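In our numbering, the protein residues as written are 5 to 676. Think of the CB as a built atom: it goes at the ideal place given N, C-alpha and C, for glycine as much as any other residue. Everything numeric in this text was worked out from a predicted model, so none of it was measured.
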């Protein structure tokens, strides 16, 4: 007969634990995206991986990756961003398994699953005054939300995925410091936040989340609140210094950088002021938080003065509508689309019903958050969290007309899930007071109604996520679907035209079918220019399509419309060469290399022409440059080998030929 001790052991073994909750969340995330593991490179994966010569050098390129702009390995002229962390991950993955998208997708899915685990533990740590069912439900809702498909299925979006992951670790380590008083946890929190910034600069908005978290859940004195909040300016300042060193400050408003140093001073002043307001909000810490948000978030709008009043009357309401559209997409994530740029969502005036509705909803949300924040109401935090993380995208939409992107909702969707999860539990009248977790059977019975409701929501989320993942299998599947979802987007028609020309036409079984695809691509490129007259890329691709059809006059006309692009110069050179004008072809190729010194195709073409002219040494020089920019191109090594042989250097020539054969066995003579 079992003893009472053994009964307790059996009972405890059946109890739920935080570890079980976290593993359920992580496994749920992995299962939802398991069908992406066989996908290829899609969308802008090519810029950061397959066509990025630095990333393709593997781990040897890590020092250069952390000391150059984000897209330097694709286009050296680009210096807008500094995001080395994800590039280093891609380089390591490429080193382990070159040109294999499966390894990149696998890492993304694993990191998403790990994010779910860390999210649950972080919420469980911070929301200690609530029952564990709340962080569990919120984590399940977050990890299943279909709005995340672009971030997980698109490898390039690893920067967004990792920025949020490191931000969560920063929150978790900060709370461990508050609980355990160990300075090491605080240092790890600061380091984690620095890593978040190196993943993606947009993590700078997390600066405003730290004081919000401390105010709502930290239970710290105002002095400690101020000190801890201000400490995160240290990794921020260090990151901005490195970023400015790498890419400079050209094109960036210096007032934003000064703001980083002024905020702590102003906050300190605000903490010394006691205020009385009609809503009886006498908690000065609330107003400290509002002051912080106003400066840190609202401060990014200091560039408004650069916008004309006429544009402002359209851009501001259009921005409000865009944020409203983002909010609606969180509530109803259908349909999903990879691009909804101009003119899918036309600008509106203040009097438009969409502007009135969006501003009303967002205004009511803000008012609710301000009124309930003194009581440290969880939905108030969720709303403020959403506003803070969306503020930077609102700024870019206002000032630069940045297009709609579902990836922008990844981190901010946590605010929505907090409100949804809390509201669901409250409406179902569940007690959120902390309590020990019961045994599994009791737990299932106790929350039977919750599981019924939650299973419907998670089931719909899962269906949408899994089916949307299928669209991300390739450029062809993604663009053919999204051009229907976003029919008024000029850029979407441009992307679809590229798919027709580069994928469909090149893989056509017959010449007739190839011509048909090229004609369809031309229609898409023309549609893109009609929808967005400022979009220049379609003209260059129109030139390529016409050139492949042998309609050189039309090709030249379109190339000349987009002549400032290095790739267009390269294509123009190919056209001149096809027409037999070697002199103009060389001039075009050389101009392409002046615009983009690392354009492998242009160097290859120069090398081939020089070699054909008997200038073997000069030809080898350019082919070697092409090999350095694209080290996995077999024809480059093949022609280097041939030119060395023509120079009389048989051993060197054979060495390069052998390398070409290793990369592409079909080049070997008498190969099957």
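Environment of residue i [buried if 16+ CB atoms lie within 10 Å]
i           : result
residue 453 : exposed
residue 395 : buried
residue 377 : buried
residue 185 : exposed
residue 456 : exposed
residue 471 : exposed
residue 662 : exposed
residue 485 : buried
residue 539 : buried
residue 183 : exposed
residue 162 : buried
residue 286 : Here the model assigns residue 286 a pLDDT of 43, short of 50, so the residue's position is not dependable and the matter cannot be decided.
residue 550 : buried
residue 198 : buried
residue 219 : buried
residue 100 : exposed
residue 496 : buried
residue 536 : buried
residue 77  : buried
residue 392 : buried
residue 350 : exposed
residue 491 : exposed
residue 440 : exposed
residue 4   : Look at the range of the chain in this structure, 5 to 676, and you will see that residue 4 is not part of it.
residue 337 : buried
residue 179 : buried
residue 33  : buried
residue 353 : exposed
residue 577 : buried
residue 223 : exposed
Residue i vs residue j beta-carbon contact at 7 Å
i           : j           : result
residue 170 : residue 181 : no
residue 93  : residue 165 : no
residue 686 : residue 498 : Outside the displayed range of the chain (5 to 676) lies residue 686, so it cannot be described from this structure.
residue 339 : residue 489 : yes
residue 580 : residue 596 : no
residue 411 : residue 29  : no
residue 494 : residue 525 : no
residue 613 : residue 590 : yes
residue 48  : residue 160 : yes
residue 69  : residue 88  : yes
residue 606 : residue 593 : yes
residue 37  : residue 113 : yes
residue 234 : residue 214 : no
residue 249 : residue 469 : no
residue 216 : residue 388 : yes
residue 46  : residue 479 : yes
Cut-off 8 Å between Cβ atoms - residues of its own chain near residue i, not counting five sequence neighbours on either side
i           : result
residue 31  : 117
residue 361 : 328
residue 521 : 504, 505, 508, 509, 512
residue 177 : 189, 190, 192, 193, 196
Other residues of its chain near residue i: CB distance less than 6 Å, five sequence neighbours each side excluded
i           : result
residue 658 : none
residue 173 : 196
residue 475 : 481, 482, 485
residue 656 : 648
residue 631 : 640
Cβ neighbours of residue i in the same chain (closer than 7 Å, five flanking residues each side left out)
i           : result
residue 334 : 151, 413, 417, 420
residue 79  : 600
residue 559 : 547, 550, 551, 579
Beta-bridge pairing of residue i - partner residues as DSSP gives them
i           : result
residue 408 : 344
residue 443 : 19
Original post:
Counting pairs of Cβ atoms below 8 Å between the stretch 111–125 and the stretch 210–226, do you hit three or more?
Top reply: no
Original post:
Do three or more CB pairs link the stretch 123–143 to the stretch 46–55 at distances below 8 Å?
Top reply: no
**OP:** Kindly confirm or deny that the stretch 19–35 and the stretch 58–65 touch, where touching means at least three C-beta pairs closer than 8 Å.
**Re:** no
**OP:** Report yes or no: do three or more beta-carbon pairs, one from the stretch 500–507 and one from the stretch 540–560, lie closer than 8 Å?
**Re:** yes
Original post:
Touching or not, the stretch 374–391 and the stretch 338–348, by the rule of three or more beta carbon pairs under 8 Å?
Top reply: no
Subject >> Inter-stretch contact (C-beta, 8 Å, three-pair minimum) for the stretch 437–450 and the stretch 139–155 >> reply: no
Original post:
Looking at C-beta atoms only, is the number of pairs between the stretch 236–245 and the stretch 189–201 that lie closer than 8 Å three or more?
Top reply: yes
Original post:
Any contact of the stretch 421–429 with the stretch 381–388, i.e. 3+ C-beta pairs under 8 Å?
Top reply: yes
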